[in-house]
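Residue numbers (this note's numbering), protein chains in the order written: chain A, 1 to 269; chain B, 1 to 269; chain C, 1 to 269; chain D, 1 to 244; chain E, 1 to 244; chain F, 1 to 244.
From the three backbone atoms N, C-alpha and C, an ideal C-beta is built for every residue, glycine too.
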């Protein structure tokens, strides 16, 4: 997040010098991700949950599934809402109170990456057309910050979705009535978010917080299981050239395959 | 608006000196309005719209007409709500955020002038008694500020109302159902707002921003087509004598006739 | 309230010195209350009302009784909500705007004291199960502050409840329909709030504002007509020993009897 | 034309109004000064069934500082309805109506208060509507002006307020709640009785120019009645021995 | 796969779109610079049926001071839809969507504006969507960039924006509202035409890597068309004699 | 009298509670200190099915400055439930309940923290309820106290919290969610085990004076059990070699 107001000029110089030699400050290759650790079911009372550690960034996503009124113009579809919140214990600069623009962007980018991929088949979440649908709320809370929350939240949300157990409702005289049994959420694809930073003329994947603080621009590209791009967001004060964007697109597609395997592994066989 | 924190003492002296000679800083007669320019249909996707330029003050009013729940105690009447907002590009001192007391007063005075005149016949805006009525929202946005927004917003709102095209609804099984065709809003009279300032012992009509900044008090008197007064609001830190108020009443009725002709001319023959 | 930012060190010393001799700054015994004056029916248009003066603290509670939707999980019970607000004229340090944490605590403690005693038999306030119930709103407004608002608000609310006249509704085709006649609210017990402060090692009842400002900790114990404790709240930066808490419990039960008689006397014979 | 529907007889053949008053008769008004301990000045008014408390603090420091004025003191007013003051319980958040009324009351008091004597400070006036019955803004203003005087704030003049209005095509004094709901027009007026200035004037409802002038005239008569009661309230507090 | 349901013919057999345009043809665009009296700079754009006004104030002091930066000026942008700009009346409170768009527009303009010349100050850019018809963020950005130039703020380059997208499996320029609702993808792009930098890029919808590259390419073509119109608007204001 | 309706057997004939515990037995409690990278101190507690994370920052500067105190440091506490922590998804805005609990927790910790050593600064304690199961305020307090110690904030004593309560006319330790819903009374207690001071005490529900004293007694026993676990958690972090 760009919640930092001071930037260590020396650190930026060090990062730049290393990049000139093709190296990163923590020893990774330019397109290499930090370790990704996923624990699911960490909040058993939620309908689904996952804790993701991406390097030292740590996020929990909890999923609540409950009957809801459909949006007025889409009565034949269920509801999916994904949020993100930086808990104040995650970093000294985080403030309590309404989310700032950076947190709003974070939540909306993570939401769109999943939504635009059509990961959850919302047409299967209708209890009664125009009257009652299933609402799926995926709330991300950030526990520890070390850069690249876009990907950490996305992985937490998709892991929680993949392992969620959905109750069933049927529409009766008093509205939706809870039935016996649980089933997985209906999914069609597995979106993978890949975030890259541009520092000087270098493109690096999965920037940590030091890299995040001194980047010129960033881009998050989400791809689906078919290897297509389904959502994208550029951020930061700098720009990209056409060639750099082509590179980013390739890195995104290449990196996503390995990460998709890690995410897919959370589903019990 | 009294959004200004500094007042040019020299300008006030100049305005006062001229008024002693019966003159105004921009050469107008004391009861003379600035030029009024009205363009209607400037926001074609709204149900009605008008841009009013009153001197260098500029306002757009857009009208949205949509089915609504009636207020609980007046189920046999449609809803009319008129708002006003100073866009931050209209003047350097305007701030974003919730409206301050001056903007709230502006909106409420413009709303009451139209409401108390019974311009729109709300009894004709009932889709189904106590269940569903037509709501008419007249939203004024101020683009450029040069004093006297009370009148500029009032003229924009009434012009937009006069030229609005209302859809029709009938109450069916699923609530209000949109029908073919459009018709004008049912109107009974044409209210005209006339705002005057008191500077020293002088009463002037349609104060521009220089005059607004140095006035002692102001009064807005709205009259209907029958030449009656239907709403009034005194403002500012000073007071009026009984005689001054009598003068204001006369100016309001006299000025309103010419302005009413200008407003009426927006209606296509 | 702990709305004060400065504390008069001299006053604290004086209070402490007196307490060493078993005396209080206003001459009361340690467990002695200030005079309690109750006027009921002071806001005749409300369904019930009472003004309580506890020393120089003054509170009015007004009660509004109106049909409401039941809370989703308790369709067989009416609604009781008790609030408290410090009007800005009650003390120079009170600010307008949303309630601060002290005012929120005040309101919630007064509410719980009454709620947990089951003073109002909410099971008798059902118009139609799961559809419509009677809502009882007891709103306290503080007019003058001289410490111990917990008890002043509690006495105002219970006095207003004891003397309230409840309209009757029956459920008809259009929801709850008002019937002829009024009746008292159904009550089962009379909760009495007793607030004590700890200053040094001394426990005093009904602290006035001077005592409030220099106390180490406080405790509010509410007891019911049967002599049982039904709610309790410790506050302040200090702690209590087990022995001190035992003493507080005894003071609460002893003091409550006399106060209950005063409260009960508001009911017309 | 322009009136509001009603079945109520607002004015009978003898010129008597629905609550028994004559056309130029105000409701029963009682004012008491100095009713609060903490406030620097205060007053309680019963104006018909309106019950209103006003309290004043100041002149005092302004926080945040940038809101103060180096040339003069500032007046801040809050008109506020308590939740149980109206038939349907009022939401505690300040309504747009309350914000507007607070502003017009402040502008009605400003000409009377000698704020220029207290640069950089604020005088705060809080008006609490405990029970509302039509005409609250005038009654609140009346109490506020007494509370300002009770606080010892120097004033050029008292400010006295009363509404005029129109029912059954007749100009009347002091519109009550039923008349406001069912009548044709309501015109709240505030007046400085010695300086002869009208400092608050509003109107909802339809009237001719002639009726407008007549409303102002009768309204000022009402303000003068209120003025005497305001003076009496202050005298009762400060010179009780002279009252009998 | 990945498309959205529609009955509309978004692209006919002759490669003509639902509003009669060719695949690489933008909607009708007119820009006028200097349309407001008070603002330091302003511009009005009609981009298809979008009608958007942008106004700029600054460089000016920052309040509160702690939000200013001793090393550079700051840019503040507000993208705002007026209540009547969309089919269903918009609530006046800023939506999360508006807050996000304000941020991406600011980040798209920042590389162009020479803020370092005005430390401790702010430049404020206000964009008012009067009528919305798809592609508002690009059109607002186009107007904002012209308004910045009109305000005399020194800039490294113009910023020009236009969306690309995908309908009926075809990459197209400048997605309109119907195409956005029923089409397969929308990719807003902002571009600095001389510095050759893409400063805003977003995408909703599914496309292959090849289509992604093609979208960027056609989008830049659109930005260059816009750029000529932006220059023309400024020339018409500042060198009207040279226009004919 | 005064109890709450329930069909559940809260206490069977052998004195065994609905979750298998004895009357004076707390739920399973595990505490881990130092679980976060950025926070100056942190702790994670599982208290029955409660899962709570606490993080501490400070002593650090206070913004805005006027909220700081020249004589002492200040303690700020936030008790917060994440949206998925309760059965029905919680609205993110802080509830009045959360504000009150934050206050009583702060007042329970203040006697223990040596804030006077750090004038003009603040110590911030954030408690995040990840999963709630009755007794969250006590469990959050337990984690917060360990997090304060983990942050190296000097403390006069540990603060240990556990609830007592009453079900089936019997005084019990550590009320769980079912017992809180269906039982007769819940009394959260916080205790400084060496200074022998009760710093948090609340009660909802009806009990005699005798039961009240007994509740405090059994509650303190629970606090002492918690205290041992708090010490163990800190020891496991700082002296892992001594643990086995």
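Proximal chain E residues relative to residue 66 of chain B, where beta-carbon distance stays under 8 angstroms: Numbered from 1 along the second chain, position 66 holds the residue referred to as residue 66 of chain B. When 8 angstroms is used as the limit between beta carbons, residue 66 of chain B is near these residues of chain E: 88 and 89, in chain order.
Residue 272 of chain B and residue 67 of chain B closer than 8 angstroms at C-beta: Lying outside 1 to 269, the shown extent of chain B, residue 272 of chain B is not represented and no answer is given.
Interface partners of residue 231 of chain B on chain D, CB under 7 angstroms: Within the second chain, residue 231 of chain B is the residue found at index 231, counting from 1. Correct list: 203 and 204.
7 angstroms Cβ shell around residue 177 of chain B - same chain, five flanking residues per side excluded: In the second chain, the residue the question calls residue 177 of chain B occupies position 177. Within the same chain, Cβ atoms closer than 7 angstroms to the Cβ of residue 177 of chain B are found at 169 and 170, the five residues on either side in sequence being excluded.
Residues near residue 59 of chain C in its chain [Cβ-Cβ closer than 6 angstroms; skip 5 each side]: For the purposes of this step, residue 59 of chain C is identified with residue 59 of the third chain, where counting begins at 1. Excluding sequence neighbours, residue 59 of chain C sits near 52, 140, 142, 152, 153 and 156.
C-beta neighbour in chain C for residue 188 of chain D, strict 8 angstroms: For the purposes of this step, residue 188 of chain D is identified with residue 188 of the fourth chain, where counting begins at 1. Not one chain C Cβ lies under 8 angstroms of residue 188 of chain D.
Euclidean distance between Cα positions of residue 217 of chain A and residue 162 of chain A: Numbered from its first residue, the first chain carries residue 217 of chain A at position 217. Numbered from its first residue, the first chain carries residue 162 of chain A at position 162. Straight-line measurement puts the Cα of residue 162 of chain A at about 31 angstroms from the Cα of residue 217 of chain A.
Any C-beta of chain D under 8 angstroms from that of residue 246 of chain B: Position 246 of the second chain holds residue 246 of chain B. Among the residues facing chain D, residue 246 of chain B is included, as its CB has a counterpart in that chain under 8 angstroms away.
Against chain E: residues of the region 88-110 of chain B by CB proximity under 7 angstroms: Listed by position, the residues of the region 88-110 of chain B near chain E (Cβ gap below 7 angstroms) are 88, 89, 90, 91, 92 and 96.
Contact with chain E by residue 4 of chain A, beta-carbon distance below 8 angstroms: As a position in the first chain, residue 4 of chain A is number 4, starting the count at 1. Summary for residue 4 of chain A: the model assigns pLDDT 41, below 50, so the residue's position carries little reliability; its value from the coordinates is reported in the next sentence. Judged by the 8 angstroms Cβ criterion, residue 4 of chain A is not in contact with chain E.
Cβ of residue 257 of chain A within 8 angstroms of any chain E Cβ: Looking up residue 257 of chain A in the first chain gives position 257. It does not: the Cβ of residue 257 of chain A has no partner Cβ on chain E nearer than 8 angstroms.
Environment of residue 242 of chain F [buried if 16+ CB atoms lie within 10 Å]: The residue labelled residue 242 of chain F in the question sits at position 242 within the sixth chain. Burial state of residue 242 of chain F is exposed, judged by a 10 Å Cβ sphere holding fewer than 16 other Cβ atoms.
Chain-ordered residues of the region 92-107 of chain D with a beta carbon less than 9 angstroms from chain C: In summary, the residues of the region 92-107 of chain D whose CB is separated from some CB of chain C by less than 9 angstroms are 92, 93 and 94, in the order they occur in the chain.
Beta-carbon neighbours of residue 9 of chain F, restricted to chain A and to distances below 7 angstroms: Numbered from its first residue, the sixth chain carries residue 9 of chain F at position 9. Simply none; closest approach about 23 angstroms.
Min CB distance residue 45 of chain C to chain D below 8 angstroms: Within the third chain, numbered from 1, the residue matching residue 45 of chain C stands at position 45. Closer than 8 angstroms to some Cβ of chain D, the Cβ of residue 45 of chain C qualifies, so yes.
Residue 184 of chain E, DSSP secondary structure in three states: Working through the fifth chain from its first residue, we reach residue 184 of chain E at position 184. Note: residue 184 of chain E maps to coil in three-state DSSP.
Start-to-end residues for the beta strand (DSSP E) that takes in residue 82 of chain C: As a position in the third chain, residue 82 of chain C is number 82, starting the count at 1. For residue 82 of chain C, the enclosing beta strand (DSSP E) starts and ends at 79-86.
Cα-Cα separation, residue 331 of chain E to residue 110 of chain E: Summary: the structure shown does not reach residue 331 of chain E, with chain E confined to residues 1 through 244, and so no result is reported for it.
Contact residues within the region 210-221 of chain E, judged by C-beta distance below 9 angstroms to chain A: Listed by position along the chain: 211, 212, 213, 216, 217 and 220.
4-residue-minimum alpha helix (DSSP H) runs that sit fully inside the region 46-130 of chain C, ordered along the chain: With a minimum length of 4 residues, the unbroken runs of alpha helix (DSSP H) contained wholly in the region 46-130 of chain C fall at 101-117.
Distance between residue 143 of chain F and residue 203 of chain F (C-alpha atoms, nearest Å): By one-based count along the sixth chain, residue 203 of chain F stands at place 203. By one-based count along the sixth chain, residue 143 of chain F stands at place 143. The alpha-carbon atoms of residue 203 of chain F and residue 143 of chain F are separated by roughly 21 angstroms.
CB contact flag (residue 65 of chain A, residue 47 of chain A, <8 angstroms): As a working note, residue 65 of chain A is residue 65 in the first chain. As a working note, residue 47 of chain A is residue 47 in the first chain. Yes. Within cutoff.
DSSP three-state assignment for residue 61 of chain F, whether helix, strand or coil: Reading the sixth chain from its first residue, position 61 is the one you call residue 61 of chain F. For residue 61 of chain F, the three-state secondary structure derived from DSSP is strand.
Endpoints, beta strand (DSSP E) assigned at residue 121 of chain D: As a working note, residue 121 of chain D is residue 121 in the fourth chain. Run containing residue 121 of chain D: 121-131, per the beta strand (DSSP E) assignment.
Beta-carbon proximity list for residue 207 of chain E, same chain, < 6 angstroms, skipping 5 on both sides: Walking along the fifth chain from the start, residue 207 of chain E turns up at place 207. 166 and 185.
Residue burial classification, residue 176 of chain E (beta-carbon count within 10 angstroms, cutoff 16): For the purposes of this step, residue 176 of chain E is taken as residue 176 along the fifth chain, with counting starting at 1. Residue 176 of chain E should be labelled buried.
Assigned secondary structure, residue 79 of chain D (DSSP; H/G/I helix, E/B strand, else coil): Working through the fourth chain from its first residue, we reach residue 79 of chain D at position 79. Look at residue 79 of chain D here: in three-state DSSP terms it is strand.
Within 8 angstroms, strictly: CB atoms of residue 144 of chain C and residue 56 of chain C: Taking the third chain and counting its residues from 1, one reaches residue 144 of chain C at position 144. Taking the third chain and counting its residues from 1, one reaches residue 56 of chain C at position 56. With contacts defined by Cβ atoms closer than 8 angstroms, residue 144 of chain C and residue 56 of chain C form a contacting pair.
Check whether residue 146 of chain B and residue 37 of chain E have beta carbons under 8 angstroms apart: Here residue 146 of chain B corresponds to residue number 146 of the second chain, with the count starting at 1. Here residue 37 of chain E corresponds to residue number 37 of the fifth chain, with the count starting at 1. Residue 37 of chain E is positioned such that its CB atom lies closer than 8 angstroms to that of residue 146 of chain B.
Beta-carbon proximity list for residue 231 of chain B, same chain, < 6 angstroms, skipping 5 on both sides: Looking up residue 231 of chain B in the second chain gives position 231. If we look at residue 231 of chain B and ignore the five residues flanking it on each side, its Cβ neighbours are 112, 113, 116 and 222.
Under 7 angstroms from the C-beta of residue 75 of chain E: neighbouring residues of chain B: Sequence index remark: in the fifth chain, residue 75 of chain E carries index 75 (1-based). Near residue 75 of chain E there are no residues of chain B at all, since even the closest Cβ is about 15 angstroms away, more than 7 angstroms.
Interface partners of residue 181 of chain E on chain B, CB under 8 angstroms: As a first step, residue 181 of chain E is located in the fifth chain; it is residue number 181 there, counting from the start. The contacting residues do not exist; residue 181 of chain E stays about 15 angstroms from chain B at best.
Extent of the continuous beta strand (DSSP E) run through residue 171 of chain E: Here the question's residue 171 of chain E lines up with position 171 in the fifth chain. Run containing residue 171 of chain E: 170-173, per the beta strand (DSSP E) assignment.
Expected contact under 8 angstroms - CB spacing of residue 126 of chain E and residue 89 of chain B to nearest Å: Within the fifth chain, numbered from 1, the residue matching residue 126 of chain E stands at position 126. Within the second chain, numbered from 1, the residue matching residue 89 of chain B stands at position 89. Indeed they touch by this definition, with Cβ atoms about 4 angstroms apart.
Span separating the alpha-carbon of residue 11 of chain D from that of residue 182 of chain D: In the fourth chain, counting from the first residue as 1, residue 11 of chain D sits at position 11. In the fourth chain, counting from the first residue as 1, residue 182 of chain D sits at position 182. So the alpha carbons of these two residues sit roughly 12 angstroms apart.
Host alpha helix (DSSP H) of residue 241 of chain C (start-end): To locate residue 241 of chain C, count along the third chain from 1; it is residue 241. For residue 241 of chain C, there is no enclosing alpha helix (DSSP H), since its DSSP letter is neither H nor E.
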